[in-house]
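Asker: Residue numbers (the numbering used here): 4 to 278.
All residues carry an ideal CB built from backbone N, CA and C; glycine is no exception.
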């Protein structure tokens, strides 16, 4: 059975993304931190890892973006997950018995409407969404309910009192699947992710963008991240899309001539928008 590393507990949205990307017949390896997840993949303990990199409400998961810049790590797939929050309780519980609700701080923040409708309910921070459901059902919790995925509720045997607690319907998280080695891909329908730096001089970034545009490549995302140990210097992370992988590869080759540093983070099948 294929071993997949995720950060956090089974039943998390990362677990759901792993199933979407790789199927349900997988062994989930729970990692305490993102660093441990990347180490598990680079050391060959897990064949793949699944990590969140951006959310349509909260923005980028910056630590995971930084960890992608490793020569022994390759992006091999992406998956978008609609974030649907539910209220999980022990069997037999009713809303009148709920006084403390736990979840990850980001999940709590994205469900403010629920707490406004229930002003007597206290929000309790937990390590992660699925872990809060797991601890509730194990009897190790000092709270009455947890906010998490329906997958977590099903996995740990919780009842679902309410569904769709999230404040915004258009709440999606994009996950990347990482591996030690790249995979074979078709000529079309592929996305390329890169990281690069440019010199501190007028027009340097403009030249890099021109190199991309000259090959009819669509720049679908770009983000700067500070380079650790080099104050006030930044690395640019970008996603490229074109009609063919040949065009994308040509754009990357052209970038090599106008950038100080460039690394191919991975090429992988693009998931259609709207999924």
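Check the DSSP bridge columns for residue 77 and list the partner residues they point to.
Answerer: Position 74 of the chain shown, counted from the first residue, corresponds to residue 77. Answer is 182.
Asker: Applying the 10 Å Cβ sphere with the 16-neighbour rule, what's the burial state of residue 234?
Answerer: Walking along the chain shown from the start, residue 234 turns up at place 231. Exposed: under 16 other Cβ atoms inside 10 Å.
Asker: Using a Cβ distance threshold of 8 Å, determine whether the region 140-158 contacts the region 14-32, with at least three qualifying pairs required.
Answerer: Yes, the region 140-158 is in contact with the region 14-32.
Asker: What three-state label does DSSP hand residue 109 in the structure shown?
Answerer: The count along the chain shown starts at 1 and reaches residue 109 at position 106. Residue 109: helix per DSSP, three-state reduction.
Asker: Does DSSP put residue 188 in a helix, in a strand, or in coil?
Answerer: Position 185 of the chain shown, counted from the start, is the residue given in the question as residue 188. Coil, per DSSP.
Asker: For the alpha helix (DSSP H) containing residue 213, name the first residue and the last one.
Answerer: As a position in the chain shown, residue 213 is number 210, starting the count at 1. 207-216 is the span of the alpha helix (DSSP H), which, as asked, contains residue 213.
Asker: Identify, in the order they occur along the chain, each residue of the same chain with its Cβ nearer than 6 Å to the Cβ of residue 224, setting aside the five sequence neighbours on each side.
Answerer: Counted from its first residue, the chain shown places residue 224 at position 221. The residues are 242.
Asker: Would you kindly work out how many angstroms separate the C-alpha atoms of residue 28 and residue 49, rounded to a whole number?
Answerer: Position 25 of the chain shown, counted from the first residue, corresponds to residue 28. Position 46 of the chain shown, counted from the first residue, corresponds to residue 49. So the two alpha carbons sit approximately 14 Å from each other.
Asker: Hey, out of 273, 275, 274, 269, whose CA is closest to residue 68's CA?
Answerer: Here residue 68 corresponds to residue number 65 of the chain shown, with the count starting at 1. Among 273, 275, 274, 269, the Cα nearest to that of residue 68 is on 269.
Asker: Name the two residues that bound the continuous alpha helix (DSSP H) containing residue 44.
Answerer: If you number the chain shown from 1, residue 44 lands on position 41. Counting along the chain, the alpha helix (DSSP H) containing residue 44 begins and ends at 37-45.
Asker: Just curious, the alpha helix (DSSP H) that residue 256 is in, first and last residue?
Answerer: Taking the first residue of the chain shown as 1, we reach residue 256 at position 253. That run of the alpha helix (DSSP H) goes 248-259.
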